[in-house]
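A short write-up of the structure that comes next.
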Amino acid sequence: MTDRAGAKDSSSLEFAISRRADAVPVAERTRILADPGFGRVFTDHMAIVRYTEGRGWHSAEITARKPLLLDPAAAVLHYAQEIFEGLKAYRLGDGTLAMFRPDANARRFQQSAKRLAMPELPAELFINSIREVVDVDRDWFPTVDGGSLYIRPFMFASEAFLGVKPASEYLYLVIISPVGGYFKGGSPAVSIWVSQDYTRAAPGGTGAAKCGGNYASSLVAQAEATKHGCDQVVFLDAAEHKWLEELGGMNVFLVFEDGTLQTPPLSGTILAGITRDSVMTLARAEGLTVREEPYSIDQWRSDAKSGRLTESFACGTAAVVTPIGKVASPSGEFKIGAGGPGQLTTRLKQKLVDIQHGVAPDPHGWVYKLG
Ligand code: PLP
Ligand code: COI
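2 is the number of the first residue of the sequence shown in my numbering; add one for each residue after it.
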């Protein structure tokens, strides 16, 4: 869908900015920012850009965050033509804000759009939309330790039409949530439930796209995990029910006693995590071996028991790098290492976080300064 009208020549679209007069009062905002949780509170403004077939991207604005008026026949409400991204803005040591690898999110957003038969948003427009709304809402940066601005760009089919076809009208928006940690209490290590009955994605499906439908179908498995006292669910492959894929909202890594790492390959059924890619790059730069190869649930159990596997961790924008302490399934549970954060997990997390916050040099050009 790269050749849809306007997808190429609208990259430098200007945003009309209208600041709201009824912004959240400073005292209330200050109270919220001391303990924002994750994804429950939002800044005062949002970015919005419209797409109309034949006209392309247009009417870019930064405006008050407010409910949207949607026709009940809007295609997204019926056929789930929707995609999203998740990235963070961090505060650097000098007080300025920076995003982490937004170009990679922009690219993935285009790939998700292609899979969902949606128009591709130019990368420059994606990055500009975020820059503009962060700039207007920069006073919303949380004061809680480890806080950041979680940025949620998303796009959906707004055309009112019940035929099953790609819509001809879309809305693209960016909202921002000031956040602390994703896991309650900062969880030194999380527990994982192995989903036996549900799979997340099959070959040829939408597993590699960041579309809302993938998450809708994961909820019942996540609820099962919660029922069994686990923090997250891990999905196995759809064909054999044997190979580790990913968690509901994170990629997974295994660490072995010989100091090597392994992570499931990008087979088309999992999300190509930007944190996953960053962790692999950091590990390889240290001289470590990282394999992108299938790993079975039985192997995980036996390697954890024999001590061949010493650590496991989940990673993603929201979760950063989170140690996995325990894996549970209907056939019993097993502990990873001592059940807490392992050495390599802790070191790689620190390296990543230090780059994101401008504490360490940025040899890969990942930090995108917002000023
Ligand atoms: N896998 C899934 C299903 C996710 O939702 C996420 C989060 O975005 C990830 C993996 C990790 O991706 P990233 O590191 O780009 O945030
Ligand atoms: C992210 O990490 O950005 C995600 O989209 C995952 C979600 C669990 C918040």
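Every residue gets a Cβ at the ideal spot worked out from N, C-alpha and C, and that includes glycine.
Label residue i either buried or exposed according to how many other C-beta atoms from any shown protein chain fall within 10 Å of its C-beta, with 16 as the threshold for buried.
i, result
"T311", "buried"
"D4", "Unreliable positioning characterises D4 in this predicted model, as indicated by a pLDDT of 44, which lies under 50. A coordinate reading is not provided."
"S178", "buried"
"A48", "buried"
"R201", "buried"
"R285", "exposed"
"D45", "buried"
"P362", "exposed"
"Q351", "exposed"
"D355", "exposed"
"P37", "buried"
"V134", "buried"
"K327", "buried"
"S279", "buried"
"R21", "exposed"
"E13", "In the sequence as displayed, the identity of residue 13 is Ser instead of Glu. Classification of S13: exposed, given that the 10 Å Cβ count is below 16."
"A240", "exposed"
"T346", "buried"
"G249", "buried"
"T144", "exposed"
Considering only their Cβ atoms, is the gap separating residue j from residue i smaller than 9 Å?
i, j, result
"S169", "T276", "no"
"R109", "E86", "yes"
"S149", "K243", "no"
"A61", "E121", "no"
"P266", "E247", "no"
"G343", "P324", "yes"
"Y173", "V256", "no"
"L272", "K336", "no"
"E204", "T290", "Contrary to the premise, residue 204 reads as Pro rather than Glu in this sequence. The answer is no: Cβ separation not under 9 Å."
"K370", "L98", "yes"
"D140", "R30", "yes"
"S196", "E225", "yes"
"L245", "R292", "no"
"S209", "R116", "Per the sequence shown, residue 209 should be read as Ala rather than Ser. Yes, the pair counts as a contact, with Cβ atoms nearer than the cut-off."
"F127", "A158", "no"
"A124", "Q112", "no"
"S313", "V253", "yes"
"A217", "A81", "yes"
"L93", "H358", "yes"
"A329", "V322", "no"
"T318", "Y91", "no"
Does DSSP put residue i in a helix, a strand or coil?
i, result
"E160", "coil"
"L237", "strand"
"R56", "coil"
"H46", "strand"
"V27", "helix"
"L353", "helix"
"K336", "strand"
"E125", "helix"
"D4", "In this prediction, D4 has a pLDDT of 44, which is less than 50 and means its spatial position is unreliable; what the coordinates show is noted afterwards. Reduced to three states, the DSSP call for D4 is coil."
"T270", "coil"
"K9", "In this prediction, K9 scores a pLDDT of 48, lower than 50, which makes its location untrustworthy; the coordinate-derived value is nonetheless stated afterwards. Coil at K9, not helix or strand."
"L78", "helix"
"E15", "coil"
"R21", "coil"
"A65", "strand"
"A202", "coil"
"R41", "coil"
"V360", "coil"
"L1", "This structure cannot settle anything about residue 1, because the visible part of the chain is limited to 2 through 372."
With residue i as the anchor, note down where its alpha helix (DSSP H) starts and where it stops.
i, result
"F142", "Element bounds for F142: n/a, residue is neither H nor E."
"D216", "Checking the sequence, you will find Tyr at residue 216 rather than Asp. Segment 213 to 217, the alpha helix (DSSP H) holding Y216."
"K228", "220 to 228"
"F110", "103 to 116"
"T282", "275 to 286"
"A209", "Segment: none, A209 is in no alpha helix (DSSP H) and carries neither H nor E."
"A305", "298 to 307"
Just reading off the beta strand (DSSP E) that residue i is part of, what are its end residues?
i, result
"Q263", "262 to 264"
"D88", "Residue identity differs from the one stated: residue 88 is Leu in this sequence, not Asp. Here the beta strand (DSSP E) through L88 covers 88 to 92."
"R292", "291 to 293"
"S178", "170 to 180"
"W244", "First-last for W244: undefined, no H or E at that position."
"W194", "191 to 195"
"Y369", "368 to 370"
"S330", "321 to 330"
"F254", "252 to 257"
"T311", "310 to 317"
"F85", "83 to 85"
With a threshold of 8 Å (Cβ to nearest heavy atom), would residue i be considered close to the ligand FMN?
i, result
"T276", "Questions concerning the ligand FMN fall outside what the structure shown contains, since the ligands it does hold are the ligand PLP and the ligand COI."
Where the beta carbon is closer than 5 Å to any heavy atom of the ligand COI, which residues qualify, in chain order? That query returns the following residues: G87, G250, G317, T318, A319.
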